[in-house]
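Trainee:
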Amino acid sequence: IVASALDSVRFTLGKTLQRDERGHLVSISSFVNPEGETMGWHDFGHLEGPGWAANAAGGAWEIHRLGRFLRKPDYEAQALSILDHVLDCGFLDETNGFIRGYRETTTGRFVLNYKHDTNWFCPGSMAKIAYQLLGFAADLGADPRAERMRRMSARTAGWIRRHLEPVPNGWYPRRARPDGSLYRKSPDGGNDPFWQTSADGLFILQLEAALTAAGLADERETLRQKTRVFMNAGGIFGSINHDTYDPRENVAYSVAFRTLLLVSQVLKDPAARAFAYEKCLAGLDQFKMNEDRNGVATRGLLYMEKSWDTSYLWENAEAALAYFEAAADTWREDASRSRQ
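Add 35 to a position in the sequence shown, counting from 1, and you land on the number used in this note's numbering.
#1: Got a sec, what are the start and stop residues for the alpha helix (DSSP H) residue 301 sits in?
#2: In the DSSP output, which residue or residues are listed as bridge partners for residue 61?
#3: What residue does the alpha helix (DSSP H) around residue 212 start on, and which one ends it?
#4: Is DSSP giving residue 226 helix, strand or coil here?
#5: For residue 252 and residue 230, what's the separation of their Cα atoms in angstroms?
#6: Residues in the same chain with beta-carbon distance under 7 Å from residue 345, minus the five sequence neighbours each way, listed in chain order, please.
#7: Please report the Cβ distance between residue 166 and residue 113, rounded to the nearest whole angstrom; I am assuming they are in contact, meaning their Cβ atoms lie under 8 Å.
#8: Taking the straight line between their C-alpha atoms, what separation do you get for residue 305 and residue 180?
#9: From residue 235 to residue 162, what distance separates their C-alpha atoms?
#10: Measuring only the C-alpha atoms, how far is residue 243 from residue 38?
#11: Assign residue 187 to buried or exposed, taking buried as 16 or more other Cβ atoms, counted over all protein chains shown, within 10 Å of its Cβ.
#12: Shortest alpha-carbon distance to residue 115 belongs to which of 293, 88, 184?
#13: Pull up the DSSP beta-bridge partners for residue 243, would you.
#14: Exposed or buried, residue 102, counting other C-beta atoms within 10 Å across all chains shown (16 or more means buried)?
#15: Would you be able to state if there are at least three C-beta pairs under 8 Å between the region 190-205 and the region 251-268?
#16: Take the Cβ of residue 358 as the centre, count every other Cβ of all protein chains shown within 10 Å, and call the residue buried at 16 or more, exposed below.
#17: Please name the residue or residues paired with residue 323 in a DSSP beta bridge.
#18: Over what stretch of residues does the beta strand (DSSP E) that includes residue 137 continue unbroken?
#19: Quick check on the burial criterion: 16 or more other C-beta atoms within 10 angstroms. Buried or exposed for residue 54?
#20: If you follow the alpha helix (DSSP H) that residue 265 is part of, which residue opens it and which one closes it?
#21: Determine the contact status of residue 285 and residue 322, defining contact as a CB-CB distance below 8 Å.
#22: Report the three-state DSSP secondary structure of residue 164 (helix, strand or coil).
#23: For residue 80, which residues of its own chain have a beta-carbon under 6 Å away from its beta-carbon, when the five flanking residues on both sides are left out?
#24: Quick check on residue 313: buried or exposed, where buried means 16 or more other Cβ atoms within 10 Å of its Cβ?
#25: Just how far apart, CA to CA, sit residue 173 and residue 154?
#26: Thinking C-beta only, is residue 98 closer than 8 Å to residue 61?
#27: Near residue 217, what residues of its chain come up, given a Cβ to Cβ distance below 7 Å and the 5 sequence neighbours on each side ignored?
#28: By a C-beta neighbour count over all protein chains shown, 10 Å radius and 16 as the cutoff for buried, is residue 351 buried or exposed?
#29: Which residue from 353, 76, 131 puts its Cα closest to that of residue 194?
#30: State yes or no: is the C-beta of residue 356 within less than 8 Å of the C-beta of residue 293?
#31: Considering Cα atoms alone, identify which of 83, 109, 349 is closest to residue 141.
#32: Can you look up residue 79 in the DSSP assignment and give me helix, strand or coil?
#33: Comparing alpha-carbon positions, which option in 144, 93, 109 lies nearest residue 168?
#34: In chain order, what residues of the same chain lie with their CB nearer than 7 Å to the CB of residue 48, ignoring the 5 residues before and after it?
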């Protein structure tokens, strides 16, 4: 696993980045072949930025953490150069907190979604970028970028609170127009059956919980309200991936567990913690591959969802993090009982 991760980072840094006119490292594409060549036929091919389909802020954070762990200052420096592109090149509106997720590599035009237009964006995915900036800031310590990143994260949560139109079931909309009003369509123009039941909204809850835990905001009332909505619905696990449409998606259960565990700690709410274990983490069992398929060692992996029975790396990594965090949490509980 470690060797594979290192190969991925070496590939990313060595083949998929280039310097812009400011000297920042910028991704050449969000979809490349094994030689690092842009796959322009795909929607993601000519996009870069911090959004869901590009993930520059989250990717920079991961590379920086790995560089610090391995004591590789060159990795850290390159990660900060990617971060500086996100911070300084027009993605962030630091006045009101709105984040534009993507830039077309062919035109330099900023767009809000992977379909290369500005009709809609995913508020949960915008919250995820702010959460990544917040977590990255904690790792940067006294670096002057950190305060700017924390301030931006809080302002993004504020934008969502002020502008995002509520949906009838009390959850968060899957998509919204740039002014925050509801957008019920799918990216291809049809009606999206999961316009108000996507687990993408969990990322908003995750950001609010993290800001509250860091003392940068007090979102406890909103956390209580939205957690009740989620739990009263038996969990909201509709597709997080923007181009799939299933009522249950493996990564939705992983993100739900990680988010509700954090919420339960912030609110000191044992019911939310129990729901996280009994409904969310246990729900991953339905996606487990119990055998090797098609001559590939797939046993132990999770497939994505009913309509897409393929195993994807980022979803399995999110599940692995959920299991690690569950292990750490239960270990702390067991240690506390032992002391008592």
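Quick reminder that beta carbons are idealized off the backbone N, C-alpha and C, glycines included.
Keep in mind it's a predicted model, so treat the numbers as computed, not measured.
Mentor: Taking the definition as stated:
#1: 285-302 is the span of the alpha helix (DSSP H), which, as asked, contains residue 301.
#2: In the DSSP assignment, the residues bridged to residue 61 are 53.
#3: Element bounds for residue 212: n/a, residue is neither H nor E.
#4: The answer is strand: DSSP assigns residue 226 an E or B state.
#5: If you take the alpha carbons of residue 252 and residue 230, they lie about 28 Å apart.
#6: Excluding sequence positions up to five before and after residue 345, its CB lies within less than 7 Å of the CB of 338, 339, all in the same chain and listed in chain order.
#7: No, residue 166 and residue 113 are not in contact; Cβ-Cβ is about 22 Å, not under 8 Å.
#8: Going from the Cα of residue 305 to the Cα of residue 180 covers about 36 Å.
#9: So the two alpha carbons sit approximately 9 Å from each other.
#10: Approximately 35 Å, taken between the alpha carbons.
#11: Burial state of residue 187 is buried, judged by a 10 Å Cβ sphere holding 16 or more other Cβ atoms.
#12: Of the candidates 293, 88, 184, the one whose C-alpha sits nearest the C-alpha of residue 115 is 184.
#13: By DSSP's assignment, residue 243 forms no beta bridge with any residue.
#14: Residue 102 is buried by the Cβ-count criterion.
#15: With a cut-off of 8 Å, the region 190-205 and the region 251-268 count as touching, because enough Cβ pairs lie within range.
#16: Classification of residue 358: exposed, given that the 10 Å Cβ count is below 16.
#17: Residue 323 is bridged to 337.
#18: Boundaries of the beta strand (DSSP E) around residue 137: 137-139.
#19: Answer is exposed; the Cβ neighbour count stays below 16.
#20: Segment 255-267, the alpha helix (DSSP H) holding residue 265.
#21: Yes, they are a contact pair.
#22: In the structure shown, residue 164 sits in a helix (DSSP, three-state: H, G or I).
#23: Cβ contact annotation for residue 80 (same chain, cutoff 6 Å, sequence separation greater than five): 64, 66, 73, 74, in chain order.
#24: Exposed.
#25: Distance between the alpha carbons of residue 173 and residue 154 is about 33 Å.
#26: No.
#27: The beta carbon of residue 217 sits closer than 7 Å to those of 200, 202, 208, 211, all from its chain and outside the five residues before and after it, given in chain order.
#28: With 16 or more other Cβ atoms within 10 Å, it is buried.
#29: 131 is the residue among 353, 76, 131 whose C-alpha sits nearest the C-alpha of residue 194.
#30: For residue 356 and residue 293, yes; Cβs fall inside 8 Å.
#31: Cα-wise, what sits closest to residue 141 is 83.
#32: Taken through DSSP and simplified to helix, strand or coil, residue 79 comes out as coil.
#33: The candidate whose alpha carbon is nearest that of residue 168 is 93.
#34: Shown here for residue 48: same chain residues with a beta carbon closer than 7 Å to its own, the five before and five after excluded, namely 113 in chain order.
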